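The next block holds one structure in the form of structure tokens; read it before the comments.
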């Protein structure tokens, strides 16, 4: 669910080859229409016409299926297209090839790691300015990370920082500050972990590690999410909820101004409408994840077939199981669900065959991926027998939850609904608004739902710990408990022998998926985009996210 990258010193040399980073996970509640004082709002009609013109400002226009509601990466786990372009991080991940990235300095120009692997000292770039003209300093770093762990923030991505010393006490409201965060001077920050954690640099190179201006953020309060200020290559000029979000290249960006002038996100929920807009020149990039049924047509069309850009998606689609809710508290019911879904048919019918069935939690391309897992053959008759064994000879009823603003998820759910019926599982699809969905899930009370997770950084911890550490398991409504698994998760995080770590994660994965039947893997997909000829140097993020930094793109 996120973005990362970074390099340095002896300890890191071991990790750099395996750690990849770049920022992905549920949108927050609706935000009011806002417009900053630095630039006038531009109408949707004007935005769409600009995309097709070669004269005037160079503009990149991209569709998003839903308004994110907030640009604050501490308060969302899914929509990162704004954080990746408005904010910077101490360390960044640069995509070098499909499925590969390099960790590079960001707001920190260098860093040291202590011999015991506990203390990271970051030497910050000087004279970096936020969009409001204020100077970036160590105070902003300390404030941002403390804000994430402050219980009053109610942050959703605390697992990216909870390895810092004193994080637990701060999260539990038992400490006024985070003891592991220390300002050495205005341009130096020391962060001490509670225990060695191999992918720490990768964690803070994700959107969750985005740095905010202390004074502005405190003053903005709840408005910060819709009136964000960062140090990144683009600044938000206007935001009309559920219509468009308009950004402009930041003149003061420390790496140099972007090679185009305007970045416009249009909120277009319908895939067919997105496709038509793209073909009319009103969009410059079409994410074919939002129009998967049209992939064969684009591949055959002589106008577009050479404009398709393909990337590796290091991620997994899955169905969750809330193990505390009957009848899924019975292992035979969970096992029945695992084999009542025809994964290959989902891939062929919904995604034009551009993917493979998933066998576990981890994805191909991710460090620690185990290609030898057996997987799940579709067998509705065996599923019926398992239900009978569990005491449900006449089958079961269940609810699949989703947000109202995800038509692509609805198509998956409808296809699964038809498959489950053949196994005597009657599934109702219930759509909730984003706020209710997120709140219910965070309280551990949401039932089954289909979602996907793409790597924030290249380490199995980003998947398995993110889902199944005790607090995370509740916040994602798995409610899975297994003391051996949870003890091994903590053990794996502190290990520095990478191959031994990966083997332990594989053992954990096997227990969760096969022994306890607590996870329903669905599929892994490639990620395809089609771009207008005027768009040059478009690269899919190493992890295959829809959300990506657009700084390196050229618009002719």
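In our numbering, the protein residues as written are 39 to 594.
Ideal placement from N, C-alpha and C gives every residue a C-beta, glycine not left out.
None of the values given here were measured: they were computed from a predicted structure.
- Under the three-state reduction of DSSP, residue 160 is assigned to strand.
- Here residue 486 carries a strand assignment [DSSP, helix/strand/coil].
- The C-alpha of residue 413 is placed about 7 Å away from the C-alpha of residue 396.
- Assignment of residue 358 by DSSP, reduced to helix, strand and coil, places it in the coil class.
- Taking each of 337, 95, 493 and 499 in turn and checking the Cα distance to residue 138, the smallest one comes out for 493.
- In this structure, the CA atom of residue 172 is about 52 Å from the CA atom of residue 466.
- Secondary structure of residue 267 (DSSP, three-state): coil.
- Using a 10 angstroms sphere on the CB of residue 364, the tally of other CB atoms stays under 16, which defines it as exposed.
- Check the Cα spacing between residue 159 and each of 238, 269 and 215: the tightest is with 238.
- Selection 529, 213 and 476 evaluated against residue 515 yields 476 as nearest (Cα-Cα).
- When secondary structure is reduced to three states using DSSP, residue 447 falls in the helix class.
- Taking the Cα of residue 545 as reference, the smallest distance to any Cα among 565, 502 and 580 is reached at 502.
- Here residue 533 has 539 as same chain residues with Cβ atoms under 6 Å from its own Cβ, once five neighbours each way along the sequence are excluded.
- Using a Cβ distance threshold of 9 Å, residue 355 and residue 438 do not count as a contacting pair.
- Rounded to whole angstroms, the separation of the alpha carbons of residue 404 and residue 398 is 12 Å.
- The Cβ atoms of residue 190 and residue 225 lie no closer than 9 Å to each other.
- Within the stretch 103-144, complete alpha helix (DSSP H) segments of at least 4 residues are found at 121-124, given in chain order.
- Under the three-pair Cβ rule at 8 Å, the stretch 191-199 does not count as touching the stretch 253-267.
- Within the stretch 280-361, the complete beta strand (DSSP E) segments at least 3 residues long are 282-287, 300-305, 323-325, 346-349 and 353-357, listed from N- to C-terminus.
- Closest in alpha carbon position to residue 141, among 234, 244 and 308, is 244.
- Contact annotation: residue 144 and residue 129 have beta-carbon atoms nearer than 9 Å.
- A distance of 9 Å or more separates the beta carbons of residue 103 and residue 571.
- As computed with DSSP, residue 388 is found in no beta bridge at all.
- Residue ranges of uninterrupted alpha helix (DSSP H) with 4 or more members, entirely inside the stretch 524-584 and ordered along the chain, are 536-548.
- For residue 186, there is no enclosing beta strand (DSSP E); the residue is part of the alpha helix (DSSP H) that begins and ends at 176-187.
- Burial state of residue 431 is exposed, judged by a 10 Å Cβ sphere holding fewer than 16 other Cβ atoms.
- Taken in chain order, the whole alpha helix (DSSP H) runs of length 4 or more contained in the stretch 419-466 are 445-459.
- With respect to residue 457, residue 378 sits close: the two C-beta atoms are nearer than 9 Å.
- The stretch 149-164 and the stretch 365-375 do not touch, with fewer than 3 CB-CB distances between them shorter than 8 Å.
- Here residue 573 is not near residue 166, since their CB atoms are 9 Å or more apart.
- Between the C-alpha atoms of residue 508 and residue 298 there is a straight-line separation of about 45 Å.
- Classified as buried, residue 393 has 16 or more neighbouring CB atoms from the shown chains inside 10 Å of its CB.
- The Cβ atoms of residue 330 and residue 285 do not sit closer than 9 Å to each other.
- In this structure, residue 421 sits near residue 463, with a CB-CB distance shorter than 9 Å.
- Of all C-beta pairs linking the stretch 113-128 to the stretch 212-219, fewer than three are shorter than 8 Å, placing the two stretches out of contact.
- Beta bridge pairing from DSSP links residue 147 with no other residue.
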